[in-house]
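Residue numbers (my numbering): 1051 to 1207.
Glycine residues also receive a C-beta, built at the ideal position from the N, C-alpha and C atoms.
Only a predicted model underlies this, so the values are computations on that prediction, with no experimental measurement involved.
Below: the structure, in structure tokens.
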Amino acid sequence: MDARLNYFASPTAGKALKYVMSAGKALKESPLPAATQELVALRVSQINGCAACIDMHTKDAAAAGEDSVRLNLVAAWREATVFTEAERAALELAEEGTRVADAAGGVSDEVWANAAKHYDEEQLTALVFTVSFMNMANRLNVITQQPAGNYQPGQFH
């Protein structure tokens, strides 16, 4: 499968991606736990069907020491016993934040309050930005049919 657009050959994409990558770096350096960041990125990408991002975040998480059982159970996190209460709150916020059009009201007060029990304001800020950032990245990749499978851990960091 070939991508519809080659981001690396486009001057416009190059200019925009400079800022996108900078934003991604700022999020990686945020106080939100790295494991939570990867789990959230993976779940948002699963919901959006972004193979390129699923490939990336599964491999980056594994390279950082994430357990394969947890990675395999992200899609069914509600029934899985391997996630902390904080991670479950983050995954629930990620789902509601990704399914904004389906959820009519967006992120519910209950889901927000549950996340706020586990994360301070800076971590919540990073969580919201991570969910939003991943939705943007997923849309870029899905629209242009970016292929998956060849990503090497840390390739874009």
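For residue i, the nearest candidate out of the options (CA to CA)
i: Ala1144; options: Lys1065, Val1192, Ser1095; result: Ser1095
i: Asn1122; options: Glu1146, Arg1093, Glu1135; result: Arg1093
i: Tyr1069; options: Asn1164, Ala1187, Gly1204; result: Ala1187
i: Arg1054; options: Pro1203, Leu1190, Gln1205; result: Leu1190
i: Glu1146; options: Val1132, Thr1131, Asn1164; result: Asn1164
Extent of the continuous alpha helix (DSSP H) run through residue i
i: Pro1061; result: 1061-1078
i: Trp1162; result: 1159-1168
i: Arg1120; result: 1118-1123
i: Ala1101; result: 1101-1113
i: Arg1093; result: 1084-1098
Distance CB(residue i)-CB(residue j) smaller than 8 Å
i: Ala1091; j: Met1184; result: yes
i: Lys1109; j: Tyr1169; result: no
i: Val1192; j: Asn1098; result: yes
i: Leu1177; j: Ala1140; result: yes
i: Ala1076; j: Ala1114; result: no
i: Leu1082; j: Glu1137; result: no
i: Gly1199; j: Asp1105; result: yes
Distance, residue j Cα to residue i Cα
i: Leu1174; j: Ala1166; result: 7 Å
i: Gln1087; j: Thr1194; result: 24 Å
i: Glu1129; j: Pro1197; result: 30 Å
i: His1080; j: Phe1179; result: As written in the sequence, residue 1080 is Ser, which differs from the His given in the question. Distance between the alpha carbons of Ser1080 and Phe1179 is about 10 Å.
i: Glu1142; j: Lys1065; result: 33 Å
i: Thr1148; j: Cys1103; result: 15 Å
Under the three-state DSSP convention, the category residue i falls into
i: Thr1026; result: Outside the displayed range of the chain (1051 to 1207) lies residue 1026, so it cannot be described from this structure.
i: Thr1175; result: helix
i: Met1184; result: helix
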